[in-house]
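In order, the protein sequence lines correspond to chains H and U.
Taking this note's numbering, I'd label the letters of the first sequence as residues 4 to 113.
Taking this note's numbering, I'd label the letters of the second sequence as residues 32 to 342.
The block underneath contains the structure these notes are about, expressed in structure tokens.
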Amino acid sequence: MNTYYDPNDLAKFGKIGEEVPELSRKFFEYYEAVFKEGELTEREKALIALAVAHAVQCPYCIDAYTHACLEKGSNKAEMTEAVHVACAIRGGASLVHGVQMRNICEKISM
Amino acid sequence: MAENVFQTALAGSNLQLNRDHTTTLQINVGRLCNLSCKHCHVDAGPGRQEVMGRETMEAVIGFARRNSFTTIDITGGAPEMMPGITSFLERLAPLTQRLMIRSNLVVLLERGKDDLLELCCRLRVAIVASLPSTNRSQADGQRGQGVWEQSISMLKKLNGLGYGQKGTGLELYLVANPAGAFLPVDQCTAERKFKSDLAGKWGIEFTGLFTFANVPLGRFRTWLERSGNLDAYTDKLVDSFNPATVAGLMCKKLISVSWDGFLYDCDFNLAAGVPYTGTPIHVADAGAIVPGTPIMTGVYCFACTAGSGFT
Numbered sequence: 004m005n006t007y008y009d010p011n012d013l014a015k016f017g018k019i020g021e022e023v024p025e026l027s028r029k030f031f032e033y034y035e036a037v038f039k040e041g042e043l044t045e046r047e048k049a050l051i052a053l054a055v056a057h058a059v060q061c062p063y064c065i066d067a068y069t070h071a072c073l074e075k076g077s078n079k080a081e082m083t084e085a086v087h088v089a090c091a092i093r094g095g096a097s098l099v100h101g102v103q104m105r106n107i108c109e110k111i112s113m
Numbered sequence: 032m033a034e035n036v037f038q039t040a041l042a043g044s045n046l047q048l049n050r051d052h053t054t055t056l057q058i059n060v061g062r063l064c065n066l067s068c069k070h071c072h073v074d075a076g077p078g079r080q081e082v083m084g085r086e087t088m089e090a091v092i093g094f095a096r097r098n099s100f101t102t103i104d105i106t107g108g109a110p111e112m113m114p115g116i117t118s119f120l121e122r123l124a125p126l127t128q129r130l131m132i133r134s135n136l137v138v139l140l141e142r143g144k145d146d147l148l149e150l151c152c153r154l155r156v157a158i159v160a161s162l163p164s165t166n167r168s169q170a171d172g173q174r175g176q177g178v179w180e181q182s183i184s185m186l187k188k189l190n191g192l193g194y195g196q197k198g199t200g201l202e203l204y205l206v207a208n209p210a211g212a213f214l215p216v217d218q219c220t221a222e223r224k225f226k227s228d229l230a231g232k233w234g235i236e237f238t239g240l241f242t243f244a245n246v247p248l249g250r251f252r253t254w255l256e257r258s259g260n261l262d263a264y265t266d267k268l269v270d271s272f273n274p275a276t277v278a279g280l281m282c283k284k285l286i287s288v289s290w291d292g293f294l295y296d297c298d299f300n301l302a303a304g305v306p307y308t309g310t311p312i313h314v315a316d317a318g319a320i321v322p323g324t325p326i327m328t329g330v331y332c333f334a335c336t337a338g339s340g341f342t
């Protein structure tokens, strides 16, 4: 193995059920249900998944949901905006912790 | 002989692909085009010399007269660039209930094309125009730099002439092929989004939208090979085989004629050089298209049966 991440491994995801099939079945049923059209469209859900994939930095998910977004009718500008949403939340999450830093500073400083 | 994996897939679902009653005549007038789109399955472009001549046009008109086609669909290349296109349209119009012309939109901006547009309005010719995306970079990426801007401009002009407007009888359809090696969006979803985007941002209206998968032939196949996408794209088409699409495939009701007058089951067999019945038949010699005739197939047929299919 030359790298921990191999694009071909994405197709092997289903094999994760070989050891503990019941949990795997429940997970994939749930997963499939989550992405079906509900109050949100399949296109909107794929865009959310793409943004989350970037936030959790999962290359498999980025690959899968880039394809899914295009095939559900999102364009590159919309997908790029979704990635910016992930970026803003990740960046904002770091920055907002600056409040903790400031609180501690205030507490221990004269 | 190599296995025809498409026939194997049909057999695996207990299906056969044979002709129904043929209602549509598709005329591919040639490979000359002002654009060189990356997804083009006939490899059309500015340098191509293959264009339908007068003699073949006469033979095609005779064939249309001998048969009864409810729809005649003119494609290319860019049909607008064929010498004699106006008289061809005038003579075909009385022979069918519905005459359609495929357009890349951009070619209609060229000088001298206003007369053709006026004729299309007068004959109530439906315009079927390519627009892969409402996103500029994706549209230009597929069709060439600046094409998106010009396409929007021509769509506005067509709306001004009444095309795509309710109550005018002038139909304007859009065709959205994916701008890459991925499957098309579900047609209803895509139509909703295009209508919302085009009306909201540019005030453009249209009659309806078709989404078609890109077929791995011609320039698109070359692009797939060069970009390292051919195997994955082919696998995706094969894996997405949907037996439910077979009964409604357009090749069951359509016969295609090439610029030099030979018959094919569809424009993709035409691009692949696989003639109707397997033996070249010239339109001048062709009789009726017989229901039940087996349709020729190749691995590229999976593009028409993927997902919701090409019907």
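We put the CB at the ideal spot given by N, CA and C, even for glycine.
Return the chain-ordered list of same chain residues with a C-beta closer than 6 angstroms to the C-beta of residue i, the five sequence neighbours on each side being excluded.
i               : result
T87 of chain U  : G292
H52 of chain U  : P322
L136 of chain U : A160, S182, M185
Opposite residue i in the DSSP bridges: which residues?
i               : result
A160 of chain U : U:S134, U:L205
A337 of chain U : U:F272
P325 of chain U : U:N49
L63 of chain U  : U:G76
G239 of chain U : U:Y204
R129 of chain U : U:T102
H313 of chain U : U:F293
What separation, rounded to the nearest whole angstrom, lies between the Cα atoms of residue i and residue j?
i               : j               : result
K284 of chain U : A212 of chain U : 28 angstroms
D298 of chain U : S99 of chain U  : 20 angstroms
L147 of chain U : L130 of chain U : 14 angstroms
G191 of chain U : L48 of chain U  : 43 angstroms
S287 of chain U : Q57 of chain U  : 5 angstroms
K158 of chain U : A71 of chain H  : In the sequence on display, residue 158 of chain U carries Ile and not Lys. Their backbone Cα atoms lie some 31 angstroms apart in a straight line.
T165 of chain U : A40 of chain U  : 35 angstroms
H3 of chain H   : M83 of chain U  : A query on residue 3 of chain H cannot be resolved here, the shown segment of chain H reaching from 4 to 113 and no further.
V91 of chain U  : H57 of chain H  : 56 angstroms
C90 of chain H  : C151 of chain U : 50 angstroms
E45 of chain H  : M82 of chain H  : 14 angstroms
Y194 of chain U : V314 of chain U : 32 angstroms
I326 of chain U : T106 of chain U : 21 angstroms
K144 of chain U : V55 of chain H  : 49 angstroms
S27 of chain H  : D217 of chain U : 29 angstroms
Q103 of chain H : Q173 of chain U : 50 angstroms
E141 of chain U : S168 of chain U : 23 angstroms
T102 of chain U : A80 of chain H  : 38 angstroms
D12 of chain H  : E74 of chain H  : 21 angstroms
L201 of chain U : R155 of chain U : 6 angstroms
N59 of chain U  : T127 of chain U : 17 angstroms
With DSSP collapsed to three states, give me the class of residue i.
i               : result
G17 of chain H  : helix
D298 of chain U : helix
H87 of chain H  : helix
D66 of chain H  : helix
H100 of chain H : coil
H70 of chain U  : coil
S168 of chain U : helix
S287 of chain U : strand
D104 of chain U : strand
Q57 of chain U  : strand
F293 of chain U : strand
V82 of chain U  : strand
S27 of chain H  : helix
Q218 of chain U : helix
Q196 of chain U : coil
N260 of chain U : coil
F38 of chain H  : coil
P247 of chain U : coil
C61 of chain H  : coil
E34 of chain U  : coil
Step through the CB atoms of chain H and report whether any lies within less than 7 angstroms of the CB of residue i.
i               : result
F213 of chain U : yes
K8 of chain U   : One cannot answer for residue 8 of chain U here, as it falls past the ends of chain U, which runs 32 to 342.
V216 of chain U : yes
Q169 of chain U : yes
S164 of chain U : yes
A221 of chain U : yes
K226 of chain U : no
Leaving out five residues on either side along the sequence, give the residues of the same chain with a beta carbon under 7 angstroms from the beta carbon of residue i.
i               : result
L205 of chain U : A160, L162, F225, F237, L240
S271 of chain U : L214, A337, G338
L255 of chain U : A212, P247, L261, Y264
H72 of chain U  : V246, L248, G249, F251, F299, A302
G115 of chain U : R85, M88
G76 of chain H  : R46
For chain U, find out if any of its Cβ atoms is closer than 7 angstroms to the Cβ of residue i; answer yes or no.
i              : result
G76 of chain H : yes
A80 of chain H : yes
L1 of chain H  : In the structure as shown, chain H begins at 4 and stops at 113. Residue 1 of chain H is therefore absent and cannot be evaluated.
L13 of chain H : no
H70 of chain H : yes
L73 of chain H : yes
Please go through the same chain and pick out, in chain order, the residues whose beta-carbon is closer than 8 angstroms to the beta-carbon of residue i, but skip the five residues on each side of it.
i               : result
I235 of chain U : I183, L186, K187, N190, G195, L229
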